[in-house]
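S.K.: Protein chains in written order, with our numbering: chain E, 17 to 172; chain H, 17 to 172. Glycine included, C-beta positions come from ideal geometry on N, C-alpha and C. Handing you this structure, nothing more for now.
There are 2 protein chains.
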Amino acid sequence: MSSQHAHSHDHDHGGESWDAHATVALARKGTRRSSARDTVVAALAGQECCASAQEIHSRLRSDGSTIGIASVYRTLELLHGMGLVTRIDTGDGVARFEPTHPDGAHHHHLVCTTCGAVEAFQDDALEEAIHRVADRVDFRVDAHDVALRGACRACR
Amino acid sequence: MSSQHAHSHDHDHGGESWDAHATVALARKGTRRSSARDTVVAALAGQECCASAQEIHSRLRSDGSTIGIASVYRTLELLHGMGLVTRIDTGDGVARFEPTHPDGAHHHHLVCTTCGAVEAFQDDALEEAIHRVADRVDFRVDAHDVALRGACRACR
DNA sequence: CGCGGTAATGATAACCATTATCAAGTAAAC
DNA sequence: GTTTACTTGATAATGGTTATCATTACCGCG
Ligand SMILES: [Mn+2]
Ligand SMILES: [Mn+2]
Ligand SMILES: [Zn+2]
Ligand SMILES: [Zn+2]
Numbered sequence: 017m018s019s020q021h022a023h024s025h026d027h028d029h030g031g032e033s034w035d036a037h038a039t040v041a042l043a044r045k046g047t048r049r050s051s052a053r054d055t056v057v058a059a060l061a062g063q064e065c066c067a068s069a070q071e072i073h074s075r076l077r078s079d080g081s082t083i084g085i086a087s088v089y090r091t092l093e094l095l096h097g098m099g100l101v102t103r104i105d106t107g108d109g110v111a112r113f114e115p116t117h118p119d120g121a122h123h124h125h126l127v128c129t130t131c132g133a134v135e136a137f138q139d140d141a142l143e144e145a146i147h148r149v150a151d152r153v154d155f156r157v158d159a160h161d162v163a164l165r166g167a168c169r170a171c172r
Numbered sequence: 017m018s019s020q021h022a023h024s025h026d027h028d029h030g031g032e033s034w035d036a037h038a039t040v041a042l043a044r045k046g047t048r049r050s051s052a053r054d055t056v057v058a059a060l061a062g063q064e065c066c067a068s069a070q071e072i073h074s075r076l077r078s079d080g081s082t083i084g085i086a087s088v089y090r091t092l093e094l095l096h097g098m099g100l101v102t103r104i105d106t107g108d109g110v111a112r113f114e115p116t117h118p119d120g121a122h123h124h125h126l127v128c129t130t131c132g133a134v135e136a137f138q139d140d141a142l143e144e145a146i147h148r149v150a151d152r153v154d155f156r157v158d159a160h161d162v163a164l165r166g167a168c169r170a171c172r
């Protein structure tokens, strides 16, 4: 008897929803429909920032799903390989994942080295600087990561 | 030979080698002298870019050292905690380490997602952009990481 | 529909970088 | 030289991630 909250965190990022985008991309790729994958896609769609595979798994299980941890990892790997998911390494040995928005909108992370908290930030000048570096180097740059490490407000 | 600077920041060791800088810092911290640590410090001093703990260990063993892998990890952790070593996470589940130069000079990395190659690059405009972000956010920023991912010249 | 081929699943074993443990070794204080 | 406790190297343990495998179930085809 689990009363479900009517309160839903829909993180509508303006244009096309990531959920629909990902579903179409998976269909186009020719994968079969499965409840395990649908569940992980739904979980990702509801995230504002990054979450680890185990966090996603725990959340799904406590919501009544019987999905296995292996399916969570498999789906994340699949989506990551398709460019639908961004993988973030905060340096604690745990990979975190968040949806890659089709319009290119994204953010980077502030990591507290004391308590492990992760916050997001966005900065156009930084993006521009990265873009210029990418054009200059002898390397085809597909993606980039930025992490600022230090102490959060609470730990400072 | 121990010229002591009473009121100086950590950045005014211009021209001094990282090897000497690290040795002085360790002595000041009060650690005992040990061959295992000296060997790791020497190995770090001799590398231009990052290397994993296991790479450092293998290199030392093939050079005749009998150092154990645990001592390599221990020394890297000690130096990292003292701010003498920078830890880099390229996303393959292996931490890499490189000396932190006392004058603040540093670089960031291009990571080939095909062959795993790591190259270094340096960009002042990018550093400036990061500096501005660090001043703007409600977070004390001590360090930062940038990784550009894609395909190296050979894999392109 | 009802097969049947096979992608997908979940439990679990294996993997592997890193960390903890501990008896033995050793630098430095006394 | 003796003492103290820091350090070491081997090895066990840890924990996130990946591989394995028997079972399930999606879906094209007749
Ligand atoms: Mn960016
Ligand atoms: Mn920098
Ligand atoms: Zn914190
Ligand atoms: Zn390459």
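Determine the direct distance from the alpha carbon of Val-162 (chain H) to that of Ala-133 (chain H), and round the result to whole angstroms.
M.R.: When rounded, the distance between both Cα atoms is 16 Å.
S.K.: Candidates H:Gly-109, H:Cys-66 and H:Ala-86: which alpha carbon is nearest Ile-104 (chain E)'s?
M.R.: H:Gly-109
S.K.: Please find out if some non-hydrogen atom of ligand 1 comes closer than 7 Å to the beta-carbon of Ile-146 (chain E).
M.R.: Yes - ligand 1 has a heavy atom lying nearer than 7 Å to the Cβ of Ile-146 (chain E).
S.K.: Is the closest heavy atom of ligand 5 to the C-beta of Thr-55 (chain E) under 7 Å?
M.R.: Of the ligands one can find in the structure shown, namely ligand 1, ligand 2, ligand 3 and ligand 4, none is ligand 5.
S.K.: Taking all protein chains shown into account, decide if Thr-116 (chain H) is buried (16 or more other Cβ within 10 angstroms of its Cβ) or exposed.
M.R.: Thr-116 (chain H) is classed as buried because its beta carbon has at least 16 other beta carbons within 10 Å across all chains shown.
S.K.: Taking 8 Å as the CB-CB cut-off, is Gln-20 (chain E) touching chain H?
M.R.: Unreliable placement is indicated for Gln-20 (chain E), whose pLDDT of 37 sits below 50; no coordinate value is reported for it.
S.K.: Compile a chain-ordered list of the residues in the stretch 64-90 of chain H whose CB is closer than 9 Å to at least one CB of chain E.
M.R.: none
S.K.: What does Cys-168 (chain H) touch in chain E if you count any residue whose Cβ is under 9 Å from its own?
M.R.: Result: Asp-154, Phe-155 and Arg-156.
S.K.: Would you mind reading off the limits of the beta strand (DSSP E) that contains Val-162 (chain E)?
M.R.: It spans 155-168 - the beta strand (DSSP E) in which Val-162 (chain E) sits, taken as one unbroken run.
S.K.: Does the beta carbon of Phe-137 (chain E) sit closer than 8 Å to a beta carbon anywhere in chain H?
M.R.: yes
S.K.: Of all the CB atoms in chain H, is at least one closer than 8 Å to the CB of Val-110 (chain E)?
M.R.: no
S.K.: Just mark Glu-114 (chain H) as buried or exposed, buried being the case when its beta carbon has 16 or more other beta carbons within 10 Å.
M.R.: buried
S.K.: From what residue to what residue does the beta strand (DSSP E) around Glu-64 (chain E) run?
M.R.: That residue, Glu-64 (chain E), is in no beta strand (DSSP E); it is neither H nor E in DSSP.
S.K.: Any beta-carbon of chain H closer than 8 Å to the one on Asp-105 (chain E)?
M.R.: Contact with chain H is found for Asp-105 (chain E), since one of that chain's Cβ atoms lies less than 8 Å from the residue's Cβ.
S.K.: Whose C-beta lies closer than 8 Å to the C-beta of Leu-76 (chain E) among residues of the same chain, with five residues either side of it excluded?
M.R.: Thr-55, Val-56, Ala-59, Ile-83 and Val-88
S.K.: Within the continuous alpha helix (DSSP H) that includes Ile-85 (chain H), where are the two ends?
M.R.: 85-97
S.K.: Of the residues E:Met-98, E:Trp-34, E:Leu-92 and E:Ile-85, which one's Cα is nearest the Cα of Gly-46 (chain E)?
M.R.: E:Met-98
S.K.: Taking only the alpha-carbon atoms, compute the straight-line gap between His-23 (chain E) and Val-101 (chain H) and give it to the nearest angstrom.
M.R.: At His-23 (chain E) the pLDDT is 45, less than 50, meaning the model places this residue with poor confidence and gives no usable figure here.
S.K.: Which chain E residues are close to Asp-151 (chain H), counting only those with a beta carbon under 8 Å from its beta carbon?
M.R.: Those within 8 Å of Asp-151 (chain H) in chain E number zero; the least Cβ separation is about 11 Å.
S.K.: Between Ala-150 (chain H) and Leu-164 (chain E), is the Cβ-Cβ spacing less than 8 Å?
M.R.: yes
S.K.: Sort H:Thr-39, H:Cys-171, H:Glu-144 and H:Arg-156 by Cα distance to Val-127 (chain H) and report the nearest one.
M.R.: H:Cys-171
S.K.: For Val-134 (chain H), does the three-state DSSP call read helix, strand or coil?
M.R.: strand
S.K.: Using beta carbons (cut-off 8 Å, strictly below), is Pro-121 (chain H) in contact with chain E?
M.R.: Note on identity: in this sequence residue 121 (chain H) is Ala, with Pro being the wrong assignment. Closer than 8 Å: no.
S.K.: Spell out whether any CB of chain E is found under 8 Å from the CB atom of Leu-95 (chain H).
M.R.: no
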